[in-house]
Structure formats: C-alpha cells, structure tokens
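Trainee: In this text, residue positions in the sequence shown follow this note's numbering: the first is 261, and each later residue adds one. From the three backbone atoms N, C-alpha and C, an ideal C-beta is built for every residue, glycine too. All values reported here derive from a predicted model rather than from experimental measurement.
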Amino acid sequence: MADQTQLTLKMTRSSKAGHSMTDNAVNSRLIGLFADPKIYAGAIGCFYLIFETLEREMEKKAPSDERLSRFLRSNRSLFRSTQFEKDMLFYFGPEWKSEVEARSRFPAVDRYLDHLKQLAQTQPILLAAHAYTQHSAVASGGQIICKIVRKGLNLQSGALGAAAFEFSEPPRELKLSLKSAMDSLEAELSSEEVKNMILQHQEVFIHNNEIIKGYRIGFFSPIIASVKFATRSRAVRVALIAVLAIYAASYVRR
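#1: Pull up the distance between the alpha-carbon of ALA485 and that of MET348, whole angstroms please.
#2: Determine the extent of the alpha helix (DSSP H) in which ASP374 is found, giving its start and end residues.
#3: For the structure I just gave you, are there three or more beta carbon pairs, one from the segment 360–367 and one from the segment 314–328, closer than 8 Å?
#4: Taking PHE311 and PHE344 to be in contact with their CB atoms under 8 Å, please state how far apart those CB atoms are, rounded to whole angstroms.
#5: Over the uninterrupted alpha helix (DSSP H) stretch that includes TYR351, give me the two end residues.
#6: So, under 8 Å CB-CB, LEU387 and ALA397 are touching, yes? Tell me the CB distance rounded to an integer number of Å.
#7: With C-beta atoms as the reference, is HIS390 less than 9 Å away from ASN335?
#8: Which residues in the same chain as SER437 place their Cβ atom closer than 7 Å to its Cβ, once the five residues preceding and following it in sequence are excluded?
#9: How is ALA441 classed by DSSP in three states: helix, strand or coil?
#10: Scan the segment 286–335 and note each continuous alpha helix (DSSP H) run of 4 residues or more that stays entirely inside, going in chain order.
#11: Helix, strand or coil: which one does DSSP assign to ILE385?
#12: What is the C-beta distance between SER337 and GLU429, in whole angstroms, given that I count them as a contact (C-beta under 8 Å)?
#13: Which stretch, first to last residue, makes up the alpha helix (DSSP H) that contains GLU470?
#14: Quick test of your reading: LEU293 and ALA303, contact by CB under 8 Å. State the CB separation rounded to the nearest angstrom.
#15: Between the alpha carbons of ILE506 and ILE472, how many angstroms are there, rounded?
#16: Helix, strand or coil, according to DSSP, for SER358 in the structure here?
#17: Assign ARG432 to one of two classes, buried (16 or more other C-beta atoms within 10 Å of its C-beta) or exposed (fewer than that).
#18: With distance defined between alpha-carbon atoms, name the residue in GLU326, SER451, ASN468 and PHE427 nearest to ILE405.
#19: Among residues of its own chain, excluding the 5 on either side of GLN266, which ones have a beta-carbon nearer than 8 Å to its beta-carbon?
#20: Where does GLY305 land, buried or exposed, given buried means 16+ other C-beta within 10 angstroms?
#21: Any beta carbon from chain C within less than 9 Å of LEU436's own beta carbon?
#22: Cβ of HIS375 within 9 Å of Cβ of GLU463?
#23: Where LYS455 and ALA399 are concerned, what is the direct C-alpha to C-alpha distance, given to the nearest angstrom?
#24: According to DSSP, is GLY418 helix, strand or coil?
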C-alpha cells in the first residue's frame with residue numbers, strides 16, 4: 261500500500277535530529293552576534309548569499325520546468341533576497357557587497373553555494389526542497405527573531421535593521437501556502453524524486469549547521485554582548501547567563 265503521508269510531514273520526520281542540532285548551534289552562539297552590529301550583519305550575510313543563489317537559480321530554471329514554475333508562482337512573497345539586501349545596506353553602507361564577500365564567505369558557505377548550483381544544473385526541481393526548508397524556517401521564526409534582533413542591537417520599533425525577518429503578509433498564511441505548494445508538488449514527482457526531495461531537506465540542516473559553526477564571532481563576543489544586556493530584567497540576565505554557559509561549553513569542545 262502506498263504511503264499516503266504528506267510530503268512535508270515526511271520531510272519533518274526525517275529531519276528531527278538535524279533540526280535539533282541547528283537549534284542548539286544557534287542558541288549557543290546567538291548572544292555573541294549582538295556584541296557588534298557588524299558581527300550580526302556578517303552572520304546574516306552568510307544566509308543572504310544562500311538565499312540569493314537559491315532564489316536566482318530557481319528563477320533561471322523555472323521556465324524549463326513547469327513544476328518548479330508553479331511552485332514559484334505560489335511562493336514569491338517569501339523570497340528574502342531583497343530584504344536581506346536592505347539589512348546589508350543598513351549595516352555596511354554602500355560598499356555592502358564587498359563587506360559581505362569579506363565577512364560572510366568561507367568554506368562552509370561556498371560548499372552550500374556549490375551544492376545549490378550543482379542541483380540547478382542536474383536536478384533543478386530539488387531546489388524546491390531547499391526553498392521550502394529555508395523559507396519556512398524564516399516564516400516560522402521571523403517575528404521572534406525580529407524582536408530578538410531589535411532588542412539585542414537596540415533598534416527602535418519600525419527602524420531598519422531586521423528587514424530579512426519582516427513580511428508584508430501574515431507569515432503564518434505564507435507558511436501554509438508554502439506547505440500546500442510543497443505537498444501538491446508530490447503528485448508530480450517520481451518515487452525517486454520524492455526520496456531525493458526528502459534527502460535534500462536533510463541536506464539543508466547539514467549545510468546550515470556547518471555555516472553556523474563555521475562563522476567566527478570570537479570567544480569574547482558573548483561576554484561583551486552580555487554586558488550590554490546587564491541592565492535588563494533579572495529573568496533576561498538569567499537566560500543570558502545560561503546561553504553564555506552553553507556557548508562557553510561548545511567553544512571548549514572544539
């Protein structure tokens with residue numbers, strides 16, 4: 261009997277371990293990003309490079325693959341490249357492209373970019389797995405991340421600096437539309453393509469984890485950032501100390 265489970269649920273079940281590793285990696289390094297706005301900007305610059313390449317390659321390949329074209333038409337509202345660019349311009353100024361190249365390019369990023377370009381050349385439909393995973397993640401956590409960024413970098417509400425995580429439409433609706441498009445796509449895939457789609461979903465977490473761990477923020481950055489938060493409430497200070505302890509432990513284990 262054929263498996264009637266929706267493709268997105270199969271993908272979620274297949275990536276629980278990778279998702280957990282990503283969450284732990286982010287949590288252990290998050291506070292250090294706020295030691296300096298440019299450290300934060302360099303970090304999201306890594307993912308600007310990923311999203312820009314992914315979205316550009318999908319646009320290029322869509323005309324020759326109607327399945328990918330339909331998937332794109334339903335979900336262009338989730339594209340993040342231009343939003344990331346607003347943040348890069350805000351933090352780095354007019355020379356932001358050279359700053360991103362200098363701060364955000366390193367082997368783990370290049371490996372992911374190469375992987376996306378290889379898929380575009382050989383099996384472009386599998387780019388949908390990367391789009392679903394990356395865009396869904398931003399839509400799911402965007403509002404929370406936006407609040408953390410604004411608080412961590414002392415940005416005023418409504419000011420620039422967190423555009424990558426802001427949406428013109430309700431994120432929940434965008435995420436549901438993306439999920440529906442992904443599940444609908446399954447009917448047009450071969451069994452081998454479904455299998456590979458799930459494998460590519462897992463690949464996203466592998467690459468993301470490598471990038472998060474590979475981005476250097478310096479050992480003292482979390483300490484500097486925690487001092488900036490020292491005037492916050494006691495509950496916030498306790499939470500920050502816990503995060504700092506996790507970070508220190510992860511740093512020692514390297």
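Mentor: According to the data block:
#1: Note on ALA485: pLDDT 48, under 50, position unreliable in the model; no value is reported.
#2: 367–382
#3: Between the segment 360–367 and the segment 314–328 there are fewer than three C-beta pairs closer than 8 Å, too few to call the two in contact.
#4: 6 Å
#5: 341–352
#6: That belief does not hold up - the Cβ atoms of LEU387 and ALA397 are roughly 16 Å apart, past 8 Å.
#7: With a cutoff of 9 Å on beta-carbon distance, HIS390 and ASN335 are scored as not near each other.
#8: Sequence-distant partners of SER437 (beyond 5 residues in either direction) whose C-beta falls short of 7 Å from its own C-beta, in its chain, are SER334 and ASN335.
#9: helix
#10: Listed in chain order, they are 297–321 and 326–333.
#11: helix
#12: 6 Å between Cβ atoms; contact.
#13: 451–474
#14: 5 Å
#15: Note on ILE506: pLDDT 47, under 50, position unreliable in the model; the coordinate value appears next. Cα to Cα, the separation comes out at about 15 Å.
#16: helix
#17: exposed
#18: PHE427
#19: ASP443 and GLU446
#20: buried
#21: Absent from the structure is chain C; it holds one protein chain and no more.
#22: yes
#23: 25 Å
#24: If DSSP states are grouped into helix, strand and coil, GLY418 belongs with coil.
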